[in-house]
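Right, one structure below, let's go through it.
Residue numbers (this note's numbering), protein chains in the order written: chain X, 1 to 71; chain D, 1001 to 1908.
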């Protein structure tokens, strides 16, 4: 697990340091709806709740609620 | 402000670039406009693609599990299904202040595993009372070999053979509803956004309250964003462990605390006539995220999170099947007794997550590839990995196709065990220091008095004096098993087992003009122990699958503002025919669309309540009368105490020509009812009493999709302030009419009351004629409408009565955006035709078809608001309270308390 964590951290560092400056007028593609970090927020709330009631790894996000999921 | 100056400069530059002649100029202009919108101060999240500032969206979702493998036992339960409804709205309170509100409602019913045991334990028993298996995990006699392998007797040869096959025990529930409301308020500065939110989630047996604060800082020319969030959740469990749990939770009647301690003792109390398990849990969570634009076509998000949970974290309905084997036995075959113990989890859990999300634009295909990885670790011994990839592919004309694949794998929790074997007897006879068996009083075993037998088998007290055996009624004192010999924590919840899950799905989206988006999505999910990373997960008996489907409708309220002011049609509210003045919120089909191509989107909410003394006709009657006459000569035990109905309808209107408006109206409903025992009710059999308790001790609820209406509205007359239009409609039977109670005491509790079903079950014809008029500030109108059942009866054997309604109203404009209304309503509804054709337990008047329908007068008071300009132009909001004036019911029914209607609509 530690190896994966380190790899992630390394990847992150490389990405951040390697990123090229993107001027505002070069951000057209980034602005497209398909490039949104979460293109389907409502659907993902729904499926996220279902995963959360069927898998152990639901916690750990900063959001609250969700109910018992006891079914 | 230098930043604002810079923004203006950049916009000018962009516009100058856009103005240059170019091939496909309009497409480039759009892209550039989109880019311009991303500039500081114009869009909130520069490193993310545009999410609308002002938006209303709805989701309906459905979840259904596949049947579990019960190894030859025929389960009488349907697998669990969940209906979900989500509504979400975002509005701008000012340029920088935003408010978001979400409402979620989940309803589930059906069967889930409540325990696991060797197949030989017979946890899913087929008994004589019910056809099909029901849970049975109490005091089962079980056999093991010396190596503690489960053993069963072969039915053919009579030999004892080792059989390690495990199987889940299933149990089902009546429909249960969870409701959640939450909000978020955020304030944006140029580079920093702060938000605060909170909410509450309510179930019958679980309530959560939560709050969160967060912030985002955009820097590095808005190429980098840093997010920080903190959340707190406080949740209470309040689970009724009733007679329905007796077949599988050990000793529900007494001694719960002795045997079933979940995370601390003293959690289970007798309240009213129920055993109630109470627990509290608190979660503190924090998350830190970094979003980085890597280049013109890629961005990356990385985050870490930590959550600390303390308190009661177990599932109050899941048990761990435990076999007790007396070690003093000799021979190769060991016999024991198995019982179900409530699971016991640690009361502390620390959870860490790390996640990475990468989004890459695919040049040439105009697509985006999303890749997510999430790692989860906790101190219960669970490590989990989630990989997900989505390919978002626009395919022209506003259509988008998104295939998705997801893989999840988790280790088992340290304390996960499918079942337990304890090397001690379940209970043993207590003896004193000299080895004499101890006796106690059967009627009061815990009063401290102990007795013995002397040499002549006389019953003697502690001082050796012979006592009256008949008065004492002695029984052997037994000592239950020693809980300290069980592990500290145990759970056989399959969610804590080791497994892998693979799922795949497809989302299809269509963006219509004017900011309306429709999405439909389906996903299939398969869970298997063998798919765990490393393949050492739970055995195949625990494998299952499910599918989900969902549909989303999204309206971008700010689309019009961005569209460049081309909404002259809306000036003066001209988009749809409200020229007759605003009809009250409770009136449906009150207007048509004016112009061909017109589009309207709306939502209606209606809540009606009934409570009070039962009426016969218009008069209150005593319990005595109901017992005597309320049930058609059959025994009458209960009557409804209250009933509430909530209905959410979506209103989608489209005018293909200027004289015709088409309308689609899906609806979602939920109902709850409380019943009470009638004074002077006749004596009941054991089975009847079980059912009566089942009804009166719990409020019952139903919820799900209701019937779906399709309507055509035709303009008949339109001149000088007077309008008449006719509506022809069909209501399709999409609502369930076969909702049942869960079993009780191994009895089939049958269908819920007629009025608790979600639809009519029949195809219904719904015509209406509406007249509206308007003069200066005064408006008026009238409508007659009907509902005619077009079938003799529905799939479960009955049909609701036809409905006829007439209404008339007047309204007055107080301001140019606000009006009030008064109206009168007269309604007639017939009684139910025929009756249920399946198992149905008639306990009170509400179970008889003659106690439905009636004649009703109501008066309505309404208020309507309309946004005449600004970014929310075209929105209207109306409320109406309908006050019953007179009830004349068929048979014996609850009086009505009133109904609230709220409608919101948005015309384009």
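Glycine included, each C-beta is placed from N, C-alpha and C at the ideal position.
Measure how close the beta-carbons of residue i and residue j come, nearest whole angstrom, since I'm counting them as under 8 Å.
i                       : j                       : result
residue 1810 of chain D : residue 1630 of chain D : With a Cβ gap of about 40 Å, residue 1810 of chain D and residue 1630 of chain D do not count as contacting.
residue 1783 of chain D : residue 1549 of chain D : Contact doesn't hold; Cβ gap of about 36 Å is too wide.
residue 1168 of chain D : residue 1116 of chain D : 5 Å
residue 1546 of chain D : residue 1174 of chain D : Incorrect: roughly 21 Å between the Cβ atoms, too far for contact.
residue 1517 of chain D : residue 1509 of chain D : 6 Å
residue 1542 of chain D : residue 1421 of chain D : Not really, about 19 Å apart at Cβ, beyond 8 Å.
residue 1057 of chain D : residue 1110 of chain D : The Cβ separation is near 28 Å, so there is no contact.
residue 1733 of chain D : residue 1760 of chain D : 6 Å
residue 1238 of chain D : residue 1205 of chain D : 6 Å
Can you check whether the C-beta of residue i is within less than 8 Å of a C-beta belonging to chain X?
i                       : result
residue 1394 of chain D : yes
residue 1807 of chain D : no
residue 1532 of chain D : no
residue 1325 of chain D : no
residue 1359 of chain D : yes
residue 1741 of chain D : no
residue 1701 of chain D : no
residue 1382 of chain D : yes
residue 1368 of chain D : yes
residue 1464 of chain D : no
residue 1524 of chain D : no
residue 1529 of chain D : no
residue 1061 of chain D : yes
residue 1512 of chain D : no
residue 1348 of chain D : no
residue 1519 of chain D : yes
residue 1603 of chain D : no
residue 1057 of chain D : yes
residue 1400 of chain D : yes
residue 1107 of chain D : no
residue 1880 of chain D : no
residue 1297 of chain D : yes
residue 1899 of chain D : no
Which residues bound the alpha helix (DSSP H) around residue i?
i                       : result
residue 986 of chain D  : Nothing about residue 986 of chain D can be read from this structure; chain D reaches only from 1001 to 1908.
residue 1088 of chain D : Not the alpha helix (DSSP H): residue 1088 of chain D falls in the beta strand (DSSP E), residues 1081 to 1092.
residue 1471 of chain D : 1469 to 1472
residue 1312 of chain D : Counting along the chain, residue 1312 of chain D falls outside any alpha helix (DSSP H), and DSSP gives it neither H nor E.
residue 46 of chain X   : 41 to 54
residue 1114 of chain D : It is not in any alpha helix (DSSP H) - residue 1114 of chain D instead sits in the beta strand (DSSP E) that spans 1097 to 1118.
residue 1658 of chain D : Note, residue 1658 of chain D: premise wrong, no alpha helix (DSSP H); not H, not E.
residue 1629 of chain D : 1623 to 1629
The beta strand (DSSP E) with residue i in it runs from where to where?
i                       : result
residue 1536 of chain D : Here residue 1536 of chain D belongs to no beta strand (DSSP E), and DSSP marks it neither H nor E.
residue 1784 of chain D : 1778 to 1789
residue 1224 of chain D : 1224 to 1241
residue 1582 of chain D : Segment: none, residue 1582 of chain D is in no beta strand (DSSP E) and carries neither H nor E.
residue 1403 of chain D : 1399 to 1410
Would you verify that the beta carbon of residue i is, or is not, closer than 8 Å to some beta carbon of chain D?
i                     : result
residue 62 of chain X : Interpretation of residue 62 of chain X is limited by its pLDDT of 39, a score under 50 that renders its predicted location unreliable; the figure taken from the coordinates is listed afterwards. Yes - at least one Cβ of chain D is within 8 Å of the one on residue 62 of chain X.
residue 56 of chain X : yes
Just the chain A side, please: which residues come within less than 9 Å of residue i by C-beta, in chain order?
i                       : result
residue 1507 of chain D : No chain A appears in this structure, whose protein chains are X and D.
Worksheet item: Between the region 1274 to 1295 of chain D and chain X, which residues of the former have a C-beta closer than 8 Å to a C-beta of the latter?
Response: 1283, 1285, 1286, 1287, 1290, 1291, 1292, 1293, 1294 and 1295
Practice problem: Using a Cβ-Cβ cut-off of less than 7 Å, list which residues of the region 1476 to 1500 of chain D approach chain X; keep chain order. | Solution: 1495 and 1496
> If you measure beta-carbon to beta-carbon, which residues of the region 1608 to 1630 of chain D are closer than 7 Å to chain X?
Replying inline: With the criterion set as a beta carbon lying under 7 Å from some beta carbon of chain X, the region 1608 to 1630 of chain D has no members that meet it.
Below 8 Å between beta carbons is the criterion; list the residues of the region 1063 to 1093 of chain D that meet it against any residue of chain X, in chain order.
-> 1063, 1080, 1082, 1084, 1086 and 1088
*asked:* For a minimum of 3 consecutive residues, which ranges assigned as the beta strand (DSSP E) are wholly contained in the region 1128 to 1210 of chain D?
replied: Runs of the beta strand (DSSP E) inside the region 1128 to 1210 of chain D: 1133 to 1135, 1140 to 1145, 1150 to 1153, 1160 to 1162, 1166 to 1188 and 1192 to 1202.
When Cβ atoms are compared, which residues of the region 1151 to 1178 of chain D fall closer than 9 Å to chain X? 1173, 1176 and 1178
Using a Cβ-Cβ cutoff of 9 Å, what residues of the region 1545 to 1560 of chain D are near chain X? List them in chain order. 1546, 1548, 1550, 1552 and 1554
*asked:* Which runs of the beta strand (DSSP E) at least 3 residues long sit entirely within the region 1438 to 1508 of chain D? Give them in chain order.
replied: 1439 to 1441, 1451 to 1453, 1459 to 1461, 1474 to 1476 and 1478 to 1480
Closer than 8 Å between beta carbons: that is the criterion. Which residues of the region 1404 to 1417 of chain D meet it against chain X?
1408, 1410 and 1413
Starting from the N-terminal side, write out each stretch of the alpha helix (DSSP H) that is 4 residues or longer and does not extend beyond the region 1695 to 1776 of chain D.
none
Interfacial residues, the region 1648 to 1676 of chain D to chain X, with Cβ spacing under 7 Å:
Flagged: no residues at all.
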